[in-house]
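Residue numbers (this note's numbering), protein chains in the order written: chain A, 3 to 327; chain B, 3 to 327.
Single-structure report; data block below.
2 protein chains.
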Amino acid sequence: MSERLAPALIALDWGTSSLRAYLLGEGGRVLAAQSRPWGIQHTPDGDFARAYEELVGDWCRQWPGLPALACGMIGSRQGWREVPYALCPATSSNLVDGLLAVDTAYGPLYLLPGVLDASALPNVIRGEETQVFGALQLAPELREHALLVLPGTHSKWVSVRDGAISHFTTHMTGELFAVLRDHSILGRPAREQGIERSDEAFCRGLDAARQSAAEGVSGRLFSTRSLLLTERLTAGESLDYLSGLLIGEELRSVLASLEEHACPPLVLIGDAHLCERYRLALGRFGVTAVRTLENAGVTGLWHLACAAALVTATPTAVSRSAMHV
Amino acid sequence: MSERLAPALIALDWGTSSLRAYLLGEGGRVLAAQSRPWGIQHTPDGDFARAYEELVGDWCRQWPGLPALACGMIGSRQGWREVPYALCPATSSNLVDGLLAVDTAYGPLYLLPGVLDASALPNVIRGEETQVFGALQLAPELREHALLVLPGTHSKWVSVRDGAISHFTTHMTGELFAVLRDHSILGRPAREQGIERSDEAFCRGLDAARQSAAEGVSGRLFSTRSLLLTERLTAGESLDYLSGLLIGEELRSVLASLEEHACPPLVLIGDAHLCERYRLALGRFGVTAVRTLENAGVTGLWHLACAAALVTATPTAVSRSAMHV
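Spelled out as structure tokens, the structure:
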């Protein structure tokens, strides 16, 4: 590592299932990265201090005094120290105001708060807020009004207004798919006979969800089985069909909630494969003006470290070529 | 058993998880009944002949030559002999025309076909069709037009027109609840801390589903967790809340499909506790003209045995007092 690329920050994304660590240099450039399957539910012996030491101890000893910042479930009640949620509408300043530190052998590790949307049916995020503020750095034109989609086990749809997280919803699409695949009658044929990827079956599921209109997929989930019984779907294709039904229901629901308003600029953030699947699905629903942003998480950690004066703000090094429209 | 009550029929409801046998006398009166957890997925050694012998062999030996009739999954591909589905619109004559027999040590056991609704998204029933025709015997005024609800693992909503099953849908509400309770993050608090029955939490879930309007519960399932995190629901109550969300989504979906038409007379058939729960739920959706019918399954087996001339038709002995409005 050359002298010119002096490390400036240790940044952690410490979630439920994984722990990712980044050594960031000037402008948020990634100098080194490593990860372990040590999310807070899987941290060996639940010993966060030791996991931290094992993952980033070398960096801390090599560059003493580096500031350290973490986002994600590590700040939850089940994490290292509970950091109270910031409330919607939440700005990056609100997040920074809520920082709390834990003591480590190498100095403080600052933990970011999550965000609470205290609607009648409340919603919470921990980690996604950092990706959202990263996205707003990468694409400042989104600050006024945008809808950011973070697909996953629990998909989050985050509305941004005037630079703040104004509202968000959670769709348990990934978890629903997993429990139905692994534990319901719908997953049994593929469990027994194996999986055969099929974009066509995925699109048939999407269409069935879209055509359900206000009824939703409640009465159509079982078609994953009845199409098989009537030999119009194979066991191998059935999981892609089910995935289409469930992602389709998520999109149908969100688009129904927007119906009377114009759809704000839509941005996908997250795992590239999953984002591509959602982009395909959105297209099937007639929504084609969708961009995908990469590196939003790291960018967000750097931006928030700057806002907290843990590091000196400089123009972000993540070029706009990371943004695909 | 007195001479006057001579047995006339051995009637079986042989489903996926259980096997119920009835010894029926004149008019369909139940002279004796017994059941085993020997549904076709749990029949010891998969030996249907031996299970039949063990359950009803005594009756067969005591009254040789009794006709025997079965409905349910025993007629499926995984059952004793596959009986092809009757097609919608399906009358009781269509069912009888499709009877197939298996040979037993005591003579033929006739197996009823299920029904296939060959819509673009097909649907199938095996066993429920018999309950439906039983219900039409118990309440003949339903024959012209009615919607019969059979709640359960897979709830069936069966439309009847002019004495025939014209259409039906499946809602996997019971199975969805079970997999989410046992395998998802939503069930974990109750799994760890125990269940506390709460009609109030059930109604809150119903209301959340009803108020979701065209959006459906996709973005509201997670409230089972977020209400807990914000201490507005207890772990013990959370499963009744989830049950309300899921049953509510089923009702919301069905009522959305009826919106432009008047709701036909609505009848609940099945397990008394579950029917009561659906009655409560329907009331929460403003649907109060709902009746519950008991003994529809046995009545249906008797009626179809008469239609098949396996027994001599006489007025059904199940009094109309079995019908609660």
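Beta carbons: idealized from backbone N, C-alpha and C, even for Gly.
This one's a predicted model, so the numbers in the text were calculated from it and none came from an experiment.
query                                                                                                                           : result
Chain-ordered neighbours of L123 (chain B) on chain A, where CB pairs are closer than 8 Å                                       : A210, R222, S225, S228, L229
Residues near L276 (chain A) in its chain [Cβ-Cβ closer than 6 Å; skip 5 each side]                                             : P153
Beta-bridge partners of N125 (chain A), as assigned by DSSP                                                                     : A:D119
Three-state secondary structure assigned by DSSP to F170 (chain A)                                                              : strand
Where P110 (chain B) falls: helix, strand or coil (DSSP)                                                                        : strand
Interface positions of the segment 69-91 of chain A facing chain B (Cβ-Cβ less than 7 Å), listed along the chain                : none
Chain A residues whose Cβ lies nearer than 8 Å to that of H156 (chain B)                                                        : F224
Positions along the segment 244-258 of chain A whose CB lies within less than 8 Å of some CB in chain B                         : E251, E252, R254, S255, V256, A258
Straight-line Cα distance separating A141 (chain A) from P1 (chain A)                                                           : For residue 1 (chain A) there is no data in the structure shown, the boundaries of chain A being 3 and 327.
Limits of the beta strand (DSSP E) - the one that A35 (chain B) falls within                                                    : 32-38
Own chain, CB closer than 7 Å to G27 (chain A), minus 5 neighbours either side, in chain order                                  : L7, A8, P9, A10, L33
Counted within 10 angstroms of its Cβ, other Cβ atoms place G67 (chain B) as buried (16 or more) or exposed                     : exposed
Contact list for the segment 148-174 of chain A against chain B, Cβ threshold 7 Å                                               : H156, T171, T172, H173, M174
Pairwise C-alpha distance: Q80 (chain B) and T171 (chain A)                                                                     : 42 Å
Secondary structure of R281 (chain A), DSSP reduced to three states                                                             : helix
Beta bridge counterpart(s) of C73 (chain A) as assigned by DSSP                                                                 : A:D15
Proximal chain A residues relative to S186 (chain B), where beta-carbon distance stays under 7 Å                                : E177, V181
Length at least 4, wholly inside the segment 210-280 of chain A: the alpha helix (DSSP H) runs in chain order                   : 225-231, 240-260
Secondary structure of Y24 (chain B), DSSP reduced to three states                                                              : strand
Any C-beta of chain A under 8 Å from that of A216 (chain B)                                                                     : yes
Identity of the residue in A:A35, A:L149, A:V126 nearest R2 (chain A) by Cα                                                     : It is not possible to answer for residue 2 (chain A), since the shown part of chain A is limited to 3 through 327.
Distance CB(G48 (chain A))-CB(G17 (chain A)) smaller than 8 Å                                                                   : no
Segment contact flag, the segment 247-263 of chain B with the segment 209-229 of chain A, C-beta cutoff 8 Å, min 3 pairs        : yes
S95 (chain A), DSSP secondary structure in three states                                                                         : helix
Beta-carbon proximity list for V269 (chain B), same chain, < 8 Å, skipping 5 on both sides                                      : A137, A141, L144, A148, L149, L150, V151, V292, R293, T294, L295
C-beta neighbour in chain B for T232 (chain A), strict 8 Å                                                                      : yes
Cβ-Cβ distance between R22 (chain A) and G77 (chain A) below 8 Å                                                                : no
Neighbouring residues, chain B, relative to V126 (chain A) (Cβ below 7 Å)                                                       : S228, L231
For H156 (chain A), three-class secondary structure by DSSP                                                                     : coil
For D47 (chain A), three-class secondary structure by DSSP                                                                      : helix
Residue span of the beta strand (DSSP E) that contains L303 (chain B), given as start and end                                   : L303 (chain B) -> not in any beta strand (DSSP E); alpha helix (DSSP H) instead, spanning 298-309.
Neighbourhood of T226 (chain B) by C-beta distance below 6 Å, restricted to the same chain and skipping five residues each side : L188, S240, Y243, L244
Distance between R281 (chain B) and V181 (chain B) (C-alpha atoms, nearest Å)                                                   : 24 Å
For E278 (chain B), the nearest candidate out of B:L231, B:F204, B:L229 (CA to CA)                                              : B:F204
Beta strand (DSSP E) segment containing V292 (chain A), residue limits                                                          : 292-295
D99 (chain B) classed as buried or exposed, judged by whether at least 16 other C-beta atoms fall within 10 angstroms           : exposed
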